[in-house]
Amino acid sequence: MKYWFAGCLALLAGAGQLADQASAQTSTLDTVKSRGQLQCGVNTGLAGFSAPDDSGTWKGLDVDLCRAVSAAIFKDANKIKFVPLTAKERFTALQSGEIDVLSRNTTWTMSRDTSAGLSFAGINYFDGQGFMVKKSLDVVSAKELSGASICVQTGTTTELNLADYFRSNKIEYDPVVFEKLPEVLAAYNAGRCDAFTTDVSQLYSIRLTLGNAADHIVLPEIISKEPLGPVVRQGDAQWANIVRWTLYAMINAEELAVTQANVDQMKDSKNPEIRRLLGVEGEFGQAIGLDNDWAYQIIKLVGNYGESFDRNVGAGSPLGIARGQNALWKDGGLQYAPPIR
Amino acid sequence: MKRPSKRPSPAKVPRSLSGYVYDPKARGLALQAIVALLLVWFVAGIVDNTIRNLEAQGIASGFDFLDNTAGFDISQSLIAYTNTMTYARAFLVGLLNTLLVAVVGIVLATVVGFIVGVARLSGNWLIATLATVYIETLRNIPPLLMLFAVYFGVLKTLPSPRNSVELPFSSYLNTRGLYFPAPIWGEGTWLFVLGLIGGLAGALLVYWKARRQRLLTGRANSALLPAIALVIGIPLVAFFLAGTPLSFDYPEAGRFNLKGGVVVQPEFIALLAGLSLYTAAFIAEIVRSGILAVPKGQREAAAALGLHDGQIMRLVVIPQALRVIIPPLTNQYLNLTKNSSLAVAIGYPDLVSVFAGTVLNQTNQAVEVILITMSVYLVLSLLTSAFMNWFNARVAIVER
Ligand SMILES: N[C@@H](CCC(=O)N[C@@H](CS)C(=O)NCC(=O)O)C(=O)O
Chain B
1 MKYWFAGCLA LLAGAGQLAD QASAQTSTLD TVKSRGQLQC GVNTGLAGFS APDDSGTWKG
61 LDVDLCRAVS AAIFKDANKI KFVPLTAKER FTALQSGEID VLSRNTTWTM SRDTSAGLSF
121 AGINYFDGQG FMVKKSLDVV SAKELSGASI CVQTGTTTEL NLADYFRSNK IEYDPVVFEK
181 LPEVLAAYNA GRCDAFTTDV SQLYSIRLTL GNAADHIVLP EIISKEPLGP VVRQGDAQWA
241 NIVRWTLYAM INAEELAVTQ ANVDQMKDSK NPEIRRLLGV EGEFGQAIGL DNDWAYQIIK
301 LVGNYGESFD RNVGAGSPLG IARGQNALWK DGGLQYAPPI R
Chain D
342 MKRPSKRPSP AKVPRSLSGY VYDPKARGLA LQAIVALLLV WFVAGIVDNT IRNLEAQGIA
402 SGFDFLDNTA GFDISQSLIA YTNTMTYARA FLVGLLNTLL VAVVGIVLAT VVGFIVGVAR
462 LSGNWLIATL ATVYIETLRN IPPLLMLFAV YFGVLKTLPS PRNSVELPFS SYLNTRGLYF
522 PAPIWGEGTW LFVLGLIGGL AGALLVYWKA RRQRLLTGRA NSALLPAIAL VIGIPLVAFF
582 LAGTPLSFDY PEAGRFNLKG GVVVQPEFIA LLAGLSLYTA AFIAEIVRSG ILAVPKGQRE
642 AAAALGLHDG QIMRLVVIPQ ALRVIIPPLT NQYLNLTKNS SLAVAIGYPD LVSVFAGTVL
702 NQTNQAVEVI LITMSVYLVL SLLTSAFMNW FNARVAIVER
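Going down the list, the protein sequences come from chains B and D.
Numbering follows this note's numbering, with no gaps: position 274 of the first sequence is 274.
Numbering follows this note's numbering, with no gaps: position 51 of the second sequence is 392.
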């Protein structure tokens with residue numbers, strides 16, 4: 001009996017020492033290919049960004065990015081397992097390898113990009129934090145919120161911005177912090193809080209779910225910069241390139257007016273930029289470990305950035321958010337992708 | 342190891358190596374040592390592996406983050422806290438909030454549990470049935486669901502701050518919590534404190550004298566009234582002698598909430614009520630089983646001596662029942678403390694919400710934060726058990 005126990009322990013201890021040899025580098029691309037599926041971390045439900053529709057199909061701006069990566073790798077926009085994650089769970093899921101890419105309205109900050117062992121692969125939505133209040137309170141500015149109770153979700157940049165803003169404006173407030181969004185909203189609805197705060201795009205999306213949307217207003221103050229984008233693990237440059245250039249391909253396609261509808265004709269275009277984008281010229285796909293028609297597949301199966309924006313959060317969606325900062329740089333916005341060359 | 346032995350001690354005989362191999366004691370020791378070494382190797386392997394993996398993934402490690410500025414606010418704190426203080430301070434705030442609900446919750450759960458447990462055995466059909474319904478309902482609800490029900494139930498029933506319910510002593514109740522005047526102690530408070538100490542000491546003296554008289558003469562005369570008079574009277578006199586050094590900060594209507602005063606937040610009320618009512622149902626069953634474990638003859642004997650029902654319960658049954666009650670009661674106390682970590686779901690800033698929630702997410706040092714949090718719960722549990730074991734040893738009936 002004793003010997004048996006000691007033997008087991010010896011085996012276990014040996015296994016413990018060996019485990020790090022086993023965790024030797026295998027590339028994320030190879031893992032995804034051999035699995036035949038991309039595992040993509042998304043929001044648990046945020047209309048316009050990532051939410052399942054009536055038939056259970058995931059839809060949204062963040063979801064489209066996952067679909068684009070899947071299209072680039074598999075020539076199929078549906079080889080994805082969507083993993084819904086709360087704000088608190090998302091980074092652990094990525095660090096531990098449960099997901100390959102996190103595309104979930106996540107703000108690019110320095111600490112997340114460095115000491116958390118993560119890398120941001122671009123910005124697919126320029127956002128900022130704001131406040132939503134009940135119209136009946138007659139508040140028109142965040143500066144009036146002195147003494148107010150404010151509901152927030154934990155695990156977000158929101159909590160810190162809130163403290164910063166009220167500290168620098170020397171206003172007192174009372175934070176009420178919940179772990180999950182449904183509880184935050186239930187508390188806001190039950191009148192526990194005067195205001196709810198998060199990124200403005202999310203306020204617009206959530207307002208639509210609150211019964212009568214007109215009863216709530218979003219205050220004009222934007223108190224922070226929230227560049228939202230996809231995230232990967234540090235240390236796999238090829239994988240980071242794939243995700244980054246997937247986003248850039250979508251933005252470049254919009255700039256070059258290549259759309260889901262015209263992408264096949266565009267293959268015959270004389271414009272060298274379009275020819276390189278669609279893989280007619282050059283070997284850009286191979287440079288990131290994919291086929292040269294990677295971007296063609298993205299545009300064919302998912303569409304360009306503008307199309308995705310429009311149908312999910314823009315004019316063609318219930319949210320109806322204006323392009324604003326998310327317009328192309330040519331149109332006075334901030335979306336700007338380096339050239340494919 | 343002094344054993345009277347007729348045989349010559351084996352240690353005195355010079356032995357070869359094989360002598361040790363066939364000596365069961367030496368063999369056992371060697372095996373223990375090997376197992377211990379393997380265990381150390383195993384743990385060291387895990388720690389080393391973790392550190393190396395974190396490094397390889399570019400994730401920060403170590404405990405230095407505790408000294409960094411927290412930067413976030415916490416809605417309820419027993420100690421001074423601002424967002425310019427450190428993560429270590431935020432940890433302390435969370436820990437104290439956990440201790441607060443745990444301690445108050447345990448006291449409440451015990452009181453309610455004892456009452457319901459005794460009630461279930463009552464001869465009165467209505468009382469016994471009500472107690473049974475209470476126990477059977479609450480024991481069969483998951484605690485998280487119970488908390489949600491209480492919390493949102495509380496929020497839905499309370500009025501908005503603009504229509505606060507007025508209570509006596511300038512207190513108010515609304516969705517933001519229970520507000521009452523905050524006492525502000527002025528100069529001369531020391532005299533009052535002195536009076537309080539004096540009153541308590543006096544009461545103890547009176548009680549002790551009464552007890553001695555009872556033991557000597559067998560006549561029980563209650564020391565309760567004089568003791569109460571002392572505890573209240575002396576401090577009261579001192580208070581007026583010091584020139585009533587007490588004023589109040591009254592809650593007043595602000596634009597959104599009431600301002601000033603002391604607030605007990607609805608999250609705290611809901612968590613406390615949820616946890617203690619839930620645990621009380623289990624404690625009630627433990628109390629019932631403890632009481633039923635006392636042989637019927639004990640009651641009959643007590644009744645024959647002329648004790649009335651209350652006295653039988655208090656003086657004969659409960660002291661004996663406690664022997665059966667305390668060990669499983671400890672378990673319930675541990676459960677309540679651990680269940681308090683569900684606080685995060687209803688927005689009460691306990692240790693898990695503040696430290697394993699916000700701090701973890703801001704520092705991204707999951708391994709360290711979770712390790713610290715688990716250690717805290719482990720220590721709390723061990724301390725509770727240690728205390729209950731001590732208490733158990735004290736109340737255990739000395740068998741003759
Ligand atoms: N952009 C911010 C906030 C993102 C965030 O998590 N927002 C919340 C509030 S709308 C959310 O999406 N919650 C949904 C969930 O956790 O299920 C960040 O990266 O920290």
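In this text, a Cβ means the ideal position worked out from N, Cα and C, and glycines have one as well.
If you compare the alpha carbons of Gln661(D), Phe623(D) and Leu441(D) with that of Ala643(D), the shortest gap goes to Gln661(D). The Cβ atoms of Phe413(D) and Glu159(B) lie closer than 8 angstroms to each other.
Taken atom to atom, the span from the alpha-carbon of Glu179(B) to that of Asn702(D) is near 11 angstroms.
A straight-line Cα-Cα distance of about 12 angstroms links Gly333(B) and Asp127(B).
For the region 80-113 of chain B, the residues whose beta carbon sits under 9 angstroms from a beta carbon of chain D are, in order, Ala87, Lys88, Phe91, Thr92, Gln95, Ser111 and Arg112. Fully contained in the region 346-418 of chain D are the following alpha helix (DSSP H) runs of length 4 or more, in chain order: 358-362 and 365-397.
About 14 angstroms separates the Cβ atoms of Ile206(B) and Leu219(B), ruling out a contact at the 8 angstroms cut-off. In this model, Ala327(B) and Leu256(B) are separated by some 14 angstroms (Cα to Cα). Between Ala411(D) and Ala431(D), the CB-CB gap stays under 8 angstroms.
Take the alpha-carbon of Thr678(D) and the one of Ala734(D): they are about 23 angstroms apart.
Within the same chain, Phe120, Ile123, Pro227 and Gly229 come within 7 angstroms of Trp108(B) by CB-CB distance, once the 5 residues on both sides are set aside. For a Cβ distance threshold of 8 angstroms, nothing in chain B lies close to Arg430(D): the least Cβ distance comes to about 14 angstroms.
Straight across, the Cα-Cα distance linking Thr558(D) with Trp549(D) is about 14 angstroms. Setting aside the 5 residues that flank it on each side, Asp100(B) is surrounded in the same chain by Thr28, Thr31, Val32, Leu38, Gln39, Cys40, Val232 and Trp239, each with a C-beta closer than 8 angstroms to its C-beta; the list follows chain order. At the C-beta level, Ser224(B) and Gln129(B) come within 8 angstroms of one another. Residue contact with chain D for Gln234(B): present (Cβ-Cβ distance below 8 angstroms to some residue of chain D). Distance from the CA of Pro592(D) to the CA of Lys600(D), rounded to the nearest whole angstrom, comes to 5 angstroms. The C-beta distance from Val700(D) to Leu436(D) rounds to 12 angstroms, too long to meet the 8 angstroms contact threshold. Less than 8 angstroms divides the Cβ of Leu692(D) from the Cβ of Thr714(D). Within chain B, the residues Ala163 and Arg167 have their CB atoms less than 8 angstroms from the CB of Asn424(D), given in chain order. A straight line joining the alpha-carbon of Ala621(D) with that of Ala429(D) spans about 34 angstroms.
Contact between Ile392(D) and Ser402(D) holds: CB atoms are separated by about 6 angstroms, below the 8 angstroms threshold. Where Gly41(B) is concerned, the enclosing beta strand (DSSP E) starts and stops at Leu38 to Asn43.
Per the coordinates, the alpha-carbon of Val63(B) lies some 58 angstroms from the alpha-carbon of Leu372(D). Per DSSP, the unbroken beta strand (DSSP E) holding Gln153(B) starts and ends at Ala148 to Gln153. Annotation: Cβ neighbours of Gly191(B) in chain D (cutoff 8 angstroms, chain order): Leu496, Ser501 and Thr516.
Going by beta carbons, Ala190(B) and Lys497(D) fall inside the 8 angstroms limit. Bounds of any alpha helix (DSSP H) do not take in Pro509(D), whose DSSP letter is neither H nor E. Our two residues, Ala397(D) and Ala116(B), have alpha carbons roughly 12 angstroms apart in a direct line. Here the distance from the Cβ of Asp199(B) to the nearest heavy atom of ligand 1 is below 7 angstroms. The C-beta of Asp199(B) has 16 or more other C-beta atoms within 10 Å across all chains shown, which makes the residue buried. For Thr154(B), the chain D residues whose C-beta falls within less than 8 angstroms of its own C-beta are Val685, Ser694, Gly698, Thr699 and Asn702, listed in chain order. Listed by position along chain B, the residues whose Cβ is nearer than 9 angstroms to that of Asn598(D) are Gly147, Ala148, Ser149, Asp174 and Asp194.
Gly403(D) is outside the set of residues whose beta carbon lies under 8 angstroms from a beta carbon in chain B. For Ser201(B), the closest of Pro318(B), Ser111(B), Ala295(B) and Val280(B) by C-alpha to C-alpha distance is Pro318(B). Every alpha helix (DSSP H) of 4 residues or more that sits fully in the region 148-233 of chain B is shown, in chain order, as 158-168, 181-189 and 200-207.
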